[in-house]
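Student: Can you keep this structure in mind? I'll have questions shortly.
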Amino acid sequence: MKVKNKVIIVTGSSKGIGREVAILLAENGAKVVVNHSNSEDAAAKTVEDILIKGGEALVIKADVSQKDQVTHLFDKTIEAFGKIDVLINNAGIMYNEFLKNQSQEDFTKIFDVNVRGVFNTLQEADSKLADNGIIINFSSSTAKLMFPKYALYSASKAAVEQITKVFSKEIGRGISVNAIAPGATATELFLNGKSQEMIDKLSAMNAFNRLAEPIDIARVVLFLASDDSKWISGQVIGANGALV
Numbered sequence: 324m325k326v327k328n329k330v331i332i333v334t335g336s337s338k339g340i341g342r343e344v345a346i347l348l349a350e351n352g353a354k355v356v357v358n359h360s361n362s363e364d365a366a367a368k369t370v371e372d373i374l375i376k377g378g379e380a381l382v383i384k385a386d387v388s389q390k391d392q393v394t395h396l397f398d399k400t401i402e403a404f405g406k407i408d409v410l411i412n413n414a415g416i417m418y419n420e421f422l423k424n425q426s427q428e429d430f431t432k433i434f435d436v437n438v439r440g441v442f443n444t445l446q447e448a449d450s451k452l453a454d455n456g457i458i459i460n461f462s463s464s465t466a467k468l469m470f471p472k473y474a475l476y477s478a479s480k481a482a483v484e485q486i487t488k489v490f491s492k493e494i495g496r497g498i499s500v501n502a503i504a505p506g507a508t509a510t511e512l513f514l515n516g517k518s519q520e521m522i523d524k525l526s527a528m529n530a531f532n533r534l535a536e537p538i539d540i541a542r543v544v545l546f547l548a549s550d551d552s553k554w555i556s557g558q559v560i561g562a563n564g565a566l567v
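At position 123 of the sequence shown the residue is numbered 446 (the working numbering), and the sequence of numbers has no breaks.
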């Protein structure tokens, strides 16, 4: 259990990859904070599934785009567990549409959650994450693939990658900062609105001819959250089956 007794915040962990990450970390001995902004039932189910297996977890609601709510998330975690060892910035949203058709509201929302959310949590982590802690941000392979209809999403994830690289040199205190960039993964967020033809096409773009499953990504996160990864910092780790 390489993350045994580590206190880990996983933002956006009521569903999809975040849920799988939270469950796997708890199975490996971590004390997990399952964060959500508006998915109370799903978050409660994630915690229930962890507790049934003998793990330790709790739910804390917070919208990462809101600074005061992020402060609440960190303070409540420390109140409950006494410390924070690992921050995993998984919360994110995605819009697929041609740039010409996207609105000012689309731009604001995607950057508020995907970029401001990371900005807010990193500012809190700068003073509240334990020495020798670990930060894992979520990017996406779309930041390098330049898919049509992904302009805003790709731009937001490219921003996360640059923030990751710079902050890894700023924070100090023995804290490592990395990002993981998944490829196409079989989650509700990714599959929503896509035809089977499109899914098959995307599956065929990697070397394994399939979509990733959330557990594929969670296993990479588990390694990065462990002390075995400590000499890796300032990096973007592609988890995409040789897609890019």
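Beta carbons: idealized from backbone N, C-alpha and C, even for Gly.
By Cβ distance, which residues of its chain are closer than 6 Å to I538, with the 5 residues on each side in sequence left out?
Tutor: In the sequence shown, counting from the first residue as 1, residue 538 sits at position 215. Correct list, in chain order: E343.
Student: Identify, in the order they occur along the chain, each residue of the same chain with its Cβ nearer than 7 Å to the Cβ of F513, setting aside the five sequence neighbours on each side.
Tutor: Position 190 of the sequence shown, counted from the start, is the residue given in the question as residue 513. Around F513: A507.
Student: Given K354, which residues of its chain have a CB within under 6 Å of its CB, disregarding the five upstream and five downstream residues?
Tutor: Residue numbering aside, residue 354 sits at position 31 when the sequence shown is read from its first letter. The answer, listed in chain order, is V330, E379 and F404.
Student: Does the beta-carbon distance from A474 to V438 come in below 8 Å?
Tutor: Residue mapping note: residue 474 aligns to position 151 of the sequence shown, counting from 1. Residue mapping note: residue 438 aligns to position 115 of the sequence shown, counting from 1. Cβ atoms of A474 and V438: not closer than 8 Å.
Student: Excluding five sequence neighbours on each side, which residues of the same chain lie with their C-beta closer than 7 Å to the C-beta of K399?
Tutor: On the sequence shown, position 76 is the one that residue 399 refers to. Result list for K399: I383, in chain order.
Student: By the three-class DSSP mapping on this structure, what secondary structure does V326 have?
Tutor: By 1-based counting over the sequence shown, the position of residue 326 is 3. It is coil, neither helix nor strand.
Student: Near Q558, what residues of its chain come up, given a Cβ to Cβ distance below 7 Å and the 5 sequence neighbours on each side ignored?
Tutor: For the purposes of this step, residue 558 is identified with residue 235 of the sequence shown, where counting begins at 1. Taking C-beta separations shorter than 7 Å and ignoring five residues to either side along the sequence, the partners of Q558 in its chain run N501, following chain order.
Student: Among N455, A509, D523 and L347, whose alpha-carbon lies nearest the alpha-carbon of D408?
Tutor: Working through the sequence shown from its first residue, we reach residue 408 at position 85. Nearest of N455, A509, D523 and L347 to D408, Cα basis: N455.
Student: For the segment 367-379 and the segment 411-425, state whether three or more C-beta atom pairs, one from each stretch, are separated by less than 8 Å.
Tutor: no
Student: What is the DSSP secondary structure of D478, reduced to helix, strand or coil?
Tutor: Start at 1 with the first residue of the sequence shown, and residue 478 comes out as number 155. It should be pointed out that residue 478 corresponds to Ala in this sequence rather than to Asp. Note: A478 maps to helix in three-state DSSP.
Student: With a floor of 3 residues, list each beta strand (DSSP E) that falls wholly inside the segment 454-522, ordered by position along the chain.
Tutor: 457-461 and 499-505
Student: Sort Q446, M521, A565 and A527 by Cα distance to N419 and report the nearest one.
Tutor: Position 96 of the sequence shown, counting from 1, holds the residue named residue 419. With distances taken between Cα atoms, N419 lies closest to M521.
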